[in-house]
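Asks: Quick one: the structure is below, questions incoming.
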Amino acid sequence: MTWETQQQVNVGVDASFFKRRLSLTVDHFRSKNVDLLLNVNVPDITGFSRSLRNVGEVRNTGWEFTLSSLNLAKTIEWTTDFNVSFYKNKVVRLGPEGDPIYSGDNVTMVGQPIGMFYGWLTDGIFLNQAEIDKGPVYNAGAADRSRPGDTRFVDVSGANGVPDGKIDSSDKTVMGSPYPDFYYGMTNRFSYRNLGLTITLQGSQGNEILSEARHYTANTRGRYRSLAMMNNYWKSDQDPGDDKTPRSNDAPTGNVRGQYSQRFIDDGSYLRISNVTLSYLIADKFAQKIGLNSVRVYTTATNPFIFTKYTGFNPDVSNSSDPLRPGVDQNDYPLPKSLVVGLNIGF
Amino acid sequence: MKKTTLFTLLVLLATSCKREFIELNPLSTVSTDVLYKTDKDFQDAVVGSYNVLQDQYRDFWQFGDLRGGDARNESAPQAPFTRMDNFTLDYNEVVLIASWQKYYRLITRVNTILARIESVDAAVIPGKNRHVGEARFLRAVAYFDLVRIYGDVPMITKLITTEEAYKLSRDRVDKIYDEVIIKDLPDAKSKLPATYSGADVGRATKGAAKALLGRVYLTRKDFVKAEAKLAEVIPMGYSLLKNYNELFDYTKNEHHSEYIFDVEYEEGIGEGSNFTNLFIPNATFISDFYGVKGDRVETASPTEGLFDAYPAADLRKEISVARGITDKTGKYIPLRTSGVQWFTKKYMTPVASTNDSRANWKIIRYADVLLMYAESLNENGKTTEALTYLNQVRNREGVPAFATGTKEETRERIYTERRLEFYLEGHRWFDLVRTGRAYETLKAAGMRPHMTLFPVPLTQIELINDRAIFPQNPGYE
Numbered sequence: 002m003t004w005e006t007q008q009q010v011n012v013g014v015d016a017s018f019f020k021r022r023l024s025l026t027v028d029h030f031r032s033k034n035v036d037l038l039l040n041v042n043v044p045d046i047t048g049f050s051r052s053l054r055n056v057g058e059v060r061n062t063g064w065e066f067t068l069s070s071l072n073l074a075k076t077i078e079w080t081t082d083f084n085v086s087f088y089k090n091k092v093v094r095l096g097p098e099g100d101p102i103y104s105g106d107n108v109t110m111v112g113q114p115i116g117m118f119y120g121w122l123t124d125g126i127f128l129n130q131a132e133i134d135k136g137p138v139y140n141a142g143a144a145d146r147s148r149p150g151d152t153r154f155v156d157v158s159g160a161n162g163v164p165d166g167k168i169d170s171s172d173k174t175v176m177g178s179p180y181p182d183f184y185y186g187m188t189n190r191f192s193y194r195n196l197g198l199t200i201t202l203q204g205s206q207g208n209e210i211l212s213e214a215r216h217y218t219a220n221t222r223g224r225y226r227s228l229a230m231m232n233n234y235w236k237s238d239q240d241p242g243d244d245k246t247p248r249s250n251d252a253p254t255g256n257v258r259g260q261y262s263q264r265f266i267d268d269g270s271y272l273r274i275s276n277v278t279l280s281y282l283i284a285d286k287f288a289q290k291i292g293l294n295s296v297r298v299y300t301t302a303t304n305p306f307i308f309t310k311y312t313g314f315n316p317d318v319s320n321s322s323d324p325l326r327p328g329v330d331q332n333d334y335p336l337p338k339s340l341v342v343g344l345n346i347g348f
Numbered sequence: 005m006k007k008t009t010l011f012t013l014l015v016l017l018a019t020s021c022k023r024e025f026i027e028l029n030p031l032s033t034v035s036t037d038v039l040y041k042t043d044k045d046f047q048d049a050v051v052g053s054y055n056v057l058q059d060q061y062r063d064f065w066q067f068g069d070l071r072g073g074d075a076r077n078e079s080a081p082q083a084p085f086t087r088m089d090n091f092t093l094d095y096n097e098v099v100l101i102a103s104w105q106k107y108y109r110l111i112t113r114v115n116t117i118l119a120r121i122e123s124v125d126a127a128v129i130p131g132k133n134r135h136v137g138e139a140r141f142l143r144a145v146a147y148f149d150l151v152r153i154y155g156d157v158p159m160i161t162k163l164i165t166t167e168e169a170y171k172l173s174r175d176r177v178d179k180i181y182d183e184v185i186i187k188d189l190p191d192a193k194s195k196l197p198a199t200y201s202g203a204d205v206g207r208a209t210k211g212a213a214k215a216l217l218g219r220v221y222l223t224r225k226d227f228v229k230a231e232a233k234l235a236e237v238i239p240m241g242y243s244l245l246k247n248y249n250e251l252f253d254y255t256k257n258e259h260h261s262e263y264i265f266d267v268e269y270e271e272g273i274g275e276g277s278n279f280t281n282l283f284i285p286n287a288t289f290i291s292d293f294y295g296v297k298g299d300r301v302e303t304a305s306p307t308e309g310l311f312d313a314y315p316a317a318d319l320r321k322e323i324s325v326a327r328g329i330t331d332k333t334g335k336y337i338p339l340r341t342s343g344v345q346w347f348t349k350k351y352m353t354p355v356a357s358t359n360d361s362r363a364n365w366k367i368i369r370y371a372d373v374l375l376m377y378a379e380s381l382n383e384n385g386k387t388t389e390a391l392t393y394l395n396q397v398r399n400r401e402g403v404p405a406f407a408t409g410t411k412e413e414t415r416e417r418i419y420t421e422r423r424l425e426f427y428l429e430g431h432r433w434f435d436l437v438r439t440g441r442a443y444e445t446l447k448a449a450g451m452r453p454h455m456t457l458f459p460v461p462l463t464q465i466e467l468i469n470d471r472a473i474f475p476q477n478p479g480y481e
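For the record, the sequence lines run as chains A and B. Each residue of the first sequence is one higher than the last, beginning at 2 in my numbering. Each residue of the second sequence is one higher than the last, beginning at 5 in my numbering.
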């Protein structure tokens, strides 16, 4: 085993315009990580389930743009800082044989980014027996075979590498990406006389989330409270609900719960207003009159708003400790919203 | 990006100082390189191997009994138990993944002991014979379970590297019997003591190795060798306890005359078993009656079929299963008057906190040896002789002895006797499979013909990722 090594090239441009009222930084990097050192699953027959190994080579490229501008500089002062970054990573080489690394419901394979979501693609639900007869059915003939109202998976492949009308492990495929097209952030500062206002926002666009949390919060079991998205489920041929939510069923059939599938994938794009601060600096004269140097009152709202289609608590789930399992939501603790009213006094 | 920068810094640092400076032995843990030197080290390593078995056997009832049809999961549907019960589990089932892991962890620990002990001066290791004997006994237990659960599995008897592991194929069941199990057990037998004293009681003995080898031969339908091997166990001094209920009185010494080998559990020191809490019905008057604190999961209740299979006079029935309790005032209180009305009583014993029961899991006891011996004799055409051993077991249970019987009748009677004697002791499913009766007995419960074996965990198949050497079991692809 050896150290992981990284080679990186950075190219950047700093420019400013209009008497420095507008400045722009562009940064581009390309890096290559060789002998990638990762804690990966190894066959249990070694007596261990995971082991640190040099597993391959990954290339990263990225563009980062930062824009700062002084929009107004009169009685009202307004500045904007904006940044946006685009990152891409790609596995070039993996282990001696190039075999994919399966970690939970993520897969790391040559030619793809690290830790793509891996599972069954879905194609709505079986609306009736006629559709079941058409297939493809999970575990045909067995007690837990697909029934009307169960999720229909896509027959991607088979034991011989071609679709075989059966749903099994060979139908698992890359079903989503935890990586956004871009991340962005913006801070706006306004000031007018003694009044100040700062608004900070951040977000990501185009990433997906594998919600393992929905295994519990939307599990079709019918015994627990579920997310509202499950309300309009399949009930019968005549009342198929929204044509996509599987039936409610305590005993698992059709493998609607056993495997992670596209059903658990969500758009993870979000825009969060992460901070809003309004402050007022009380006039020095007044402050000195009461024996103080300065008095500032302010109110700060942290995480007051979020705009997202994601059903879980927090779409910013990139906090997994395992780099091979990005973008997985395991009911991570939600971010708190807070409102602080404060007083700054200088003696 | 930050992480990688830090990493590069570390690399720079590392090249600028001496090797010894960065290659220190951790203080909080011991690495394998400094261990395996003294007799105590090897003794500890053997205990570490028993430890895996103790862990694994908390789940063994699921294979041996829940799957076997006589025990049913009656808890509010706990999906994994139900899937084991009604044959709907697949290659992602947690118990299958965990069992595969644990058996190979045990095998790796044993292989490490066996490899390391050879490189140490024998004079330093006075207990060498016993360590090797115990290690090989445990490895035989692990492989015997593995081949009966998964069928063909990689046969590993030495230390391997991770790279090698990716190239190993699933070896034939017969090869594993011939080259490991049937080699390990005789060697263990020759090296192990017949008994232990003091704190060592509970370790594998000569008798355990012989009796298990007998079971291995019986499983392979090698009745001649089974008969010969089990005949060696009969005169070793074991005897049936006078009363069947003494077997399940966990407040007394569990290492009695009928004990041959148990997986050991002990309460109050973090080594308890989960059986009492798992099997007790979900009714407070029953847990109060038995003094059981904590969970009442009701995962293995007798099926009505089993309940009815006991003859009226059979003393085992009241000890193994029940419909209710008789309280101190002599009043009979039924468990329930509707729904599931019977429960497993065998593992009831006072428990102070959840899953901390002192109840051992019996891997092999003398009644088993007698019935296996009777079965081998009968298959070898010695039916009359077989009946005397069958009747030894029946005598204790208050049921009439069989004076005569054809070979076929006797075979069926032995099968039934095993079913009633060993309810929820990990035998039923494996007995049904080895005698070829599993499918006919369990097809109504959802079994299909290929299900005599369990699927191999998909995670392992994907890691090896070469179906030519490491395929899934038929029917589970």
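For each residue, glycine too, the CB sits at the ideal point set by N, CA and C. Note that the structure is a prediction, hence the values are computed from the model and not measured.
How many Å lie between asparagine 249 of chain B and glycine 409 of chain B at the Cα?
Replies: Cα-Cα distance, rounded: 29 Å.
Asks: Taking 9 Å as the cut-off, decide whether the C-beta atoms of glutamine 412 of chain B and phenylalanine 347 of chain B are in contact.
Replies: A quick correction: the sequence has glutamate, not glutamine, at residue 412 of chain B. Contact flag unset, no.
Asks: Could you say if the region 120-136 of chain A and the region 84-102 of chain A meet the contact criterion of at least three C-beta pairs nearer than 8 Å?
Replies: no
Asks: How long is the line joining the alpha carbons of proline 331 of chain A and glutamine 105 of chain B, rounded to whole angstroms?
Replies: This sequence places glutamine at residue 331 of chain A; proline is not what is there. Their Cα atoms are separated by approximately 24 Å.
Asks: Excluding the five sequence neighbours on either side, which residues of its own chain have a C-beta within less than 8 Å of the C-beta of methionine 277 of chain A, listed in chain order?
Replies: According to the sequence shown, residue 277 of chain A is valine rather than methionine. For valine 277 of chain A, where only same-chain residues beyond five positions count, the Cβ hits under 8 Å are Leu198, Thr199, Ile200, Thr201, Thr301, Ala302 and Pro305.
Asks: To the nearest angstrom, how far is the alpha carbon of aspartate 240 of chain A from that of serine 249 of chain A?
Replies: Just so you know, the alpha carbons of aspartate 240 of chain A and serine 249 of chain A end up roughly 13 Å apart.
Asks: Might you give, ordered along the chain, the residues of its own chain that have their beta carbon closer than 8 Å to the beta carbon of phenylalanine 49 of chain A, omitting 5 neighbours on each side?
Replies: Val43
Asks: Check whether chain B comes within 9 Å of threonine 47 of chain A, counting only Cβ atoms and requiring the distance to be less than that.
Replies: yes
Asks: Compare the C-beta of tyrosine 40 of chain B against all C-beta atoms of chain A and say whether one is closer than 9 Å.
Replies: no
Asks: Would you check if the distance between the CB atom of arginine 273 of chain A and the CB atom of phenylalanine 308 of chain A is smaller than 9 Å?
Replies: Judged by their CB atoms, arginine 273 of chain A and phenylalanine 308 of chain A are nearer to each other than the 9 Å cut-off.
Asks: If we ignore side chains and look at the alpha-carbon of each, how far apart do glycine 204 of chain A and glutamine 7 of chain A end up?
Replies: 28 Å
Asks: Would you say the region 80-89 of chain A touches the region 180-191 of chain A, given that touching needs at least three Cβ pairs under 8 Å?
Replies: In the pairwise beta carbon analysis, the region 80-89 of chain A is classified as touching the region 180-191 of chain A: at least three pairs are separated by under 8 Å.
Asks: Is it buried or exposed for aspartate 182 of chain A, if we count other Cβ within 10 angstroms and need 16 for buried?
Replies: exposed
Asks: Please list the partners that arginine 54 of chain A has in chain B, where partner means a Cβ-to-Cβ separation under 9 Å.
Replies: Thr166
Asks: Considering only residues of the same chain and omitting the five flanking positions on each side of tyrosine 443 of chain B, which have a CB-CB separation below 7 Å?
Replies: Met451 and Pro453
Asks: What do you get for glutamine 464 of chain B, buried or exposed, if any count of 16 or more other CB atoms within 10 angstroms of its CB means buried?
Replies: buried
Asks: Determine, using beta carbons only, whether proline 190 of chain B comes closer than 9 Å to chain D.
Replies: Structure shown: chain D not included; protein chains present are A and B.
Asks: Select from A:Asn90, A:Asn232, A:Leu279 and A:Asn84 the residue whose C-alpha is nearest the C-alpha of isoleucine 65 of chain A.
Replies: Reading off the sequence, residue 65 of chain A comes out as glutamate, not isoleucine. Considering only alpha carbons, the answer is A:Asn84.
Asks: Could you give the residue range of the beta strand (DSSP E) that holds aspartate 188 of chain B?
Replies: Not the beta strand (DSSP E): aspartate 188 of chain B falls in the alpha helix (DSSP H), residues 186-195.
Asks: Could you tell me the alpha carbon to alpha carbon distance between glutamine 263 of chain A and tyrosine 119 of chain A, rounded to whole angstroms?
Replies: 9 Å
Asks: Would you say glutamate 98 of chain A faces chain B, with C-beta separation under 9 Å as the test?
Replies: Yes, glutamate 98 of chain A counts as interfacial toward chain B.
Asks: Find the nearest neighbour of aspartate 74 of chain B within the set B:Ala472, B:Trp433, B:Glu481 and B:Leu457, judged by alpha-carbon distance.
Replies: B:Trp433
Asks: Rounding to the nearest angstrom, what Cα-Cα distance links serine 79 of chain B and methionine 240 of chain B in this structure?
Replies: 42 Å
Asks: Using three-state DSSP, classify aspartate 401 of chain A as helix, strand or coil.
Replies: With chain A covering 2 to 348 only, the question about residue 401 of chain A has no answer from this structure.
Asks: Could you give the residue range of the alpha helix (DSSP H) that holds proline 315 of chain B?
Replies: Note, proline 315 of chain B: premise wrong, no alpha helix (DSSP H); not H, not E.
Asks: Is proline 338 of chain B close to the ligand FAD? I mean its beta-carbon at under 8 Å from any heavy atom of the ligand.
Replies: The ligand FAD is not part of the structure shown, which contains no ligands of any sort.
Asks: In three-state terms, what does DSSP make of glutamine 260 of chain A?
Replies: Glutamine 260 of chain A carries a coil assignment under DSSP once its states are collapsed to helix, strand and coil.
Asks: With burial defined as no fewer than 16 other Cβ atoms inside 10 Å of the residue's Cβ, what is the status of isoleucine 346 of chain A: buried or exposed?
Replies: By the neighbour-count rule (16 or more Cβ atoms within 10 Å), isoleucine 346 of chain A is not buried but exposed.
Asks: With 16 other CB atoms within 10 Å as the buried threshold, where does alanine 304 of chain B fall?
Replies: buried
Asks: Report yes or no: do the region 39-53 of chain B and the region 206-216 of chain A share at least 3 C-beta pairs separated by less than 8 Å?
Replies: no
Asks: Taking contact to mean 3 or more Cβ pairs, one atom from each stretch, closer than 8 Å, check whether the region 138-151 of chain B and the region 192-212 of chain B are in contact.
Replies: yes
Asks: Across the region 324-339 of chain A and the region 105-113 of chain A, are there enough close Cβ pairs to call them in contact, namely three or more that are closer than 8 Å?
Replies: yes
Asks: Can you name the residues that DSSP bridges to serine 123 of chain B?
Replies: None; serine 123 of chain B has no bridge partner.
Asks: Just checking: is the beta-carbon of aspartate 156 of chain A within a distance shorter than 9 Å of some beta-carbon in chain B?
Replies: no
Asks: For serine 50 of chain A, return the contacting residues in chain B, with the cut-off set at a CB-CB distance below 7 Å.
Replies: Gln105
Asks: With 8 Å as the limit, tell me which residues of the region 169-181 of chain B have their beta carbon closer than that to any beta carbon of chain A; keep them in chain order.
Replies: The residues in question are Ala169, Tyr170 and Leu172.
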